[in-house]
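Read the structure below first, then the notes.
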Amino acid sequence: MNISVVIPLFNEEESLPELALWIKRVMADNQFSYEIIFVDDGSNDFSWKVIQDLHKENPQIKGIKFRRNYGKSAALYAGFADASGDVVITMDADLQDNPEEIPEMYRMVVDESYDLVSGWKKKRYDPVLSKNIPSKFYNWIARQATGIKIHDFNCGLKAYRSQVVKSIEVYGEMHRYIPILAKWAGFRKIGEKVVKHQERKYGITKFGIERFIRGPLDLLSVIFISRFSKKPMHFFGVLGSLVFLIGFIATITVGVNKLMALSDHVAAPRVTDTPYFYLALTAMIIGTQLFLAGFIGELVSRNASERNKYLVEEKLD
Numbered sequence: 025m026n027i028s029v030v031i032p033l034f035n036e037e038e039s040l041p042e043l044a045l046w047i048k049r050v051m052a053d054n055q056f057s058y059e060i061i062f063v064d065d066g067s068n069d070f071s072w073k074v075i076q077d078l079h080k081e082n083p084q085i086k087g088i089k090f091r092r093n094y095g096k097s098a099a100l101y102a103g104f105a106d107a108s109g110d111v112v113i114t115m116d117a118d119l120q121d122n123p124e125e126i127p128e129m130y131r132m133v134v135d136e137s138y139d140l141v142s143g144w145k146k147k148r149y150d151p152v153l154s155k156n157i158p159s160k161f162y163n164w165i166a167r168q169a170t171g172i173k174i175h176d177f178n179c180g181l182k183a184y185r186s187q188v189v190k191s192i193e194v195y196g197e198m199h200r201y202i203p204i205l206a207k208w209a210g211f212r213k214i215g216e217k218v219v220k221h222q223e224r225k226y227g228i229t230k231f232g233i234e235r236f237i238r239g240p241l242d243l244l245s246v247i248f249i250s251r252f253s254k255k256p257m258h259f260f261g262v263l264g265s266l267v268f269l270i271g272f273i274a275t276i277t278v279g280v281n282k283l284m285a286l287s288d289h290v291a292a293p294r295v296t297d298t299p300y301f302y303l304a305l306t307a308m309i310i311g312t313q314l315f316l317a318g319f320i321g322e323l324v325s326r327n328a329s330e331r332n333k334y335l336v337e338e339k340l341d
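Numbering of the sequence shown is given in our numbering, commencing with residue 25 and proceeding in unit increments.
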């Protein structure tokens, strides 16, 4: 099979028939063999009923229905697991991603040997203050931190070589930074293509103010896990040792000052009566525990047996 199109969705009943018909037309025009995998992330409208009807009309359309809402990363994980195409295309269900981009992105993966091609919504039809400016800021930070020179990490329209989606694990909120996960899994040829972005035709956006907080936290998490999960002491050991050393030097300084005062027969308060002693002691404790505790927590989350277990209510194959 040439292409698997994985589409996560939440309450998009109005756009699904038009999107399915549009993809079908593009595939027919280019003579691609394909499948469309709709992943219903716990919708509370009639999205699943629409998917069932579309499956009856077109057997290339498949569906996965979660019992509750888990988030976009979970939907992508489930879709990737079921995808059987040589190239996997992801796109959003709100008709803001253009299926006409699929043939060229497929060609870039197959003919130019890209592992991953990310869409770049150079001209966006999103609110400037709530989406455009924060998106540009996060993308700039991600480029500087990872060295991956693409402009839109979080664009829903992407093309992957099949081995990529079978080799990475998307969980939590990591869907924003899949190119980073791919790079650290050894897939180095990552490119981008300017894609046409369209105004939302139906419904409202599903992303709220919490994305401003989750964005930078997710980026820090994926960088730490990608770079340091196999060698945590290279980062946390050095940082912890540095903070511990500062506290240790401060403690020695307090003690030396006390001894010098005694040798000069000058009255001086006890070491434990000065706040500097406790500040130095706190720095030593922080240096040995704080960052290590946070990293251990992230490792526990990553290795938890339930981290990618989602309740699937129904499937259409």
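Built from N, CA and C at the ideal position, the CB exists for glycine as well. Quick caveat, the model's predicted, so the values are computed rather than measured.
By Cβ distance below 7 Å, which residues in the same chain neighbour His199 in space, the five residues on each side in sequence not counted? If you number the sequence shown from 1, residue 199 lands on position 175. Apart from the 5 residues on each side of it in sequence, His199 sits with its Cβ closer than 7 Å to the Cβ of Lys96, Ser97, Leu100 in its chain, given in chain order.
If you draw a straight line from the alpha carbon of Glu338 to that of Gln84, how long is it in whole angstroms? Numbered from its first residue, the sequence shown carries residue 338 at position 314. Numbered from its first residue, the sequence shown carries residue 84 at position 60. If you take the alpha carbons of Glu338 and Gln84, they lie about 17 Å apart.
Could you work out which residue in Val30, Leu266, Leu335, Asn82 is closest to Ile309 when comparing CA atoms only? In the sequence shown, residue 309 corresponds to position 285, counting from 1. Nearest C-alpha to Ile309: Leu266.
Under the three-state DSSP convention, the category Ala291 falls into: Mapped onto the sequence shown, residue 291 falls at position 267. Coil.
Take Cys179 as the anchor and find which of Ile202, Lys86, Asp53, Glu124 has the nearest alpha-carbon. On the sequence shown, position 155 is the one that residue 179 refers to. Taking only the C-alpha atoms, the option nearest Cys179 is Ile202.
Which class does Leu140 belong to by DSSP, given the choice of helix, strand or coil? Numbered from its first residue, the sequence shown carries residue 140 at position 116. DSSP places Leu140 in strand when its eight states are reduced to three.
Residues that DSSP places opposite Ser28 in a beta bridge: In the sequence shown, the residue the question calls residue 28 occupies position 4. Looking at the DSSP assignment, Ser28 forms a beta bridge with Glu59, Val112.
Which residues in the same chain as Asn163 place their Cβ atom closer than 7 Å to its Cβ, once the five residues preceding and following it in sequence are excluded? Here residue 163 refers to the residue found at position 139 of the sequence shown. Excluding sequence positions up to five before and after Asn163, its CB lies within less than 7 Å of the CB of His175, Asp176, Phe177, all in the same chain and listed in chain order.
How is the alpha helix (DSSP H) around Glu128 delimited, first residue to last? Mapped onto the sequence shown, residue 128 falls at position 104. It spans 126-135 - the alpha helix (DSSP H) in which Glu128 sits, taken as one unbroken run.
Determine the direct distance from the alpha carbon of Gly215 to that of Lys160, and round the result to whole angstroms. The residue labelled residue 160 in the question sits at position 136 within the sequence shown. The residue labelled residue 215 in the question sits at position 191 within the sequence shown. About 18 Å.
Ala183 lies in the beta strand (DSSP E); which residues open and close that run? Indexing the sequence shown from 1 puts residue 183 at position 159. Here the beta strand (DSSP E) through Ala183 covers 182-185.
Over the uninterrupted beta strand (DSSP E) stretch that includes Leu340, give me the two end residues. Here residue 340 corresponds to residue number 316 of the sequence shown, with the count starting at 1. DSSP places Leu340 inside the beta strand (DSSP E), whose first and last residues are 336-340.
Would you grab the beta carbon distance between Val336 and Phe90 for me? Rounded to a whole angstrom, and I think it's under 8 Å. If you number the sequence shown from 1, residue 336 lands on position 312. If you number the sequence shown from 1, residue 90 lands on position 66. Yes, Val336 and Phe90 are in contact; Cβ-Cβ is about 6 Å, under 8 Å.
Assuming Asn26 contacts Asp110 under a Cβ cut-off of 8 Å, what Cβ separation, rounded to an integer in Å, is found between them? Numbered from its first residue, the sequence shown carries residue 26 at position 2. Numbered from its first residue, the sequence shown carries residue 110 at position 86. For Asn26 against Asp110, the beta-carbon gap comes to about 6 Å, under 8 Å, which counts as contact.
Residue closest to Ile273, alpha-carbon to alpha-carbon, out of Ala52, Ser245, Leu303: Reading the sequence shown from its first residue, position 249 is the one you call residue 273. Answer by Cα proximity: Leu303.
Determine the direct distance from the alpha carbon of Lys146 to that of Glu136, and round the result to whole angstroms. Within the sequence shown, residue 136 is the residue found at index 112, counting from 1. Within the sequence shown, residue 146 is the residue found at index 122, counting from 1. Glu136 and Lys146 have their C-alpha atoms spaced approximately 22 Å apart.
Tell me the residue span of the alpha helix (DSSP H) that contains Lys73. The count along the sequence shown starts at 1 and reaches residue 73 at position 49. Run containing Lys73: 71-81, per the alpha helix (DSSP H) assignment.
Looking at the secondary structure, which residues open and close the alpha helix (DSSP H) in which Asn42 lies? The residue given as residue 42 occupies position 18 in the sequence shown. Checking the displayed sequence, the identity of residue 42 turns out to be Glu instead of Asn. Its alpha helix (DSSP H) spans residues 40-53.
Starting from Tyr104, follow the alpha helix (DSSP H) in both directions and report where the run begins and ends. Residue numbering aside, residue 104 sits at position 80 when the sequence shown is read from its first letter. The sequence given here places Phe at residue 104; Tyr does not occur at that position. Counting along the chain, the alpha helix (DSSP H) containing Phe104 begins and ends at 96-106.
Between which two residues does the alpha helix (DSSP H) carrying Phe161 extend? Locating residue 161 in the sequence shown gives position 137, where the first residue counts as 1. 157-170 is the extent of the alpha helix (DSSP H) around Phe161.
Residue from Glu193, Lys182, Val50, Ala285 with nearest C-alpha to Trp144: As a position in the sequence shown, residue 144 is number 120, starting the count at 1. Nearest in C-alpha terms to Trp144, of all of Glu193, Lys182, Val50, Ala285, is Lys182.
Start and end residues, beta strand (DSSP E) containing Ile202: Here residue 202 corresponds to residue number 178 of the sequence shown, with the count starting at 1. No beta strand (DSSP E) holds Ile202; the alpha helix (DSSP H) holding it covers 202-208.
For Lys217: DSSP bridge partner residues: One-based indexing of the sequence shown puts residue 217 at position 193. Its beta-bridge partners are Gly143.
Quick check on DSSP: helix, strand or coil for Lys86? Reading the sequence shown from its first residue, position 62 is the one you call residue 86. In the three-state reduction of the DSSP assignment, Lys86 falls in the strand class.
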